[in-house]
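Asks:
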Amino acid sequence: MSIEFQVPDMTCGHCVKTITGAVSEAAPGATVTVDLSTHRLTITGTDQADKLEAAIRDAGYAPTRL
Numbered sequence: 005m006s007i008e009f010q011v012p013d014m015t016c017g018h019c020v021k022t023i024t025g026a027v028s029e030a031a032p033g034a035t036v037t038v039d040l041s042t043h044r045l046t047i048t049g050t051d052q053a054d055k056l057e058a059a060i061r062d063a064g065y066a067p068t069r070l
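So the sequence shown is residues 5 to 70, counted in the working numbering.
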């Protein structure tokens, strides 16, 4: 299973690092794949979409689940 988010305010490597850290803390063992050019984030290895969305928001970003 994979969970995808559109994160329009994810614009640089620092953003990617911050979001990846937040996701890893919320769901240890999950894999994060980022396409910075399209502002898309794909997470595999967990089915806790609500928890992940909250973690990304708490990190200061505005994700939309796809």
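Backbone N, C-alpha and C fix where the C-beta goes; we use that ideal spot for every residue, glycine too.
These figures come from a predicted structure and were not determined experimentally.
#1: If you run the structure through DSSP and keep just helix, strand and coil, what is Ser28?
#2: Use the C-beta contact count for Ala66: other C-beta atoms within 10 angstroms, 16 or more gives buried, fewer gives exposed.
#3: Nearest by alpha-carbon distance to Val11: which of Ala59, Leu45 and Gly49 is it?
#4: As a quick exercise: from Asp54, Gly64, Arg69 and Thr68, pick the residue whose alpha carbon is nearest that of Ala31.
#5: For His43, which residues in the same chain have their Cβ closer than 7 Å to its Cβ, ignoring the five residues on either side in sequence?
Replies: Reading it off the structure:
#1: For this step, residue 28 is matched to residue 24 along the sequence shown. Three-state result, Ser28: helix.
#2: The sequence position of residue 66 within the sequence shown is 62, counting from 1. With fewer than 16 Cβ atoms within 10 Å of its Cβ, Ala66 is classed as exposed.
#3: Here the question's residue 11 lines up with position 7 in the sequence shown. Per the Cα distances, Leu45.
#4: Position 27 of the sequence shown, counting from 1, holds the residue named residue 31. For Ala31, the nearest C-alpha among the options comes from Asp54.
#5: Within the sequence shown, numbered from 1, the residue matching residue 43 stands at position 39. Answer for His43: Gln10, Val11, Pro12 and Met14, listed in chain order.
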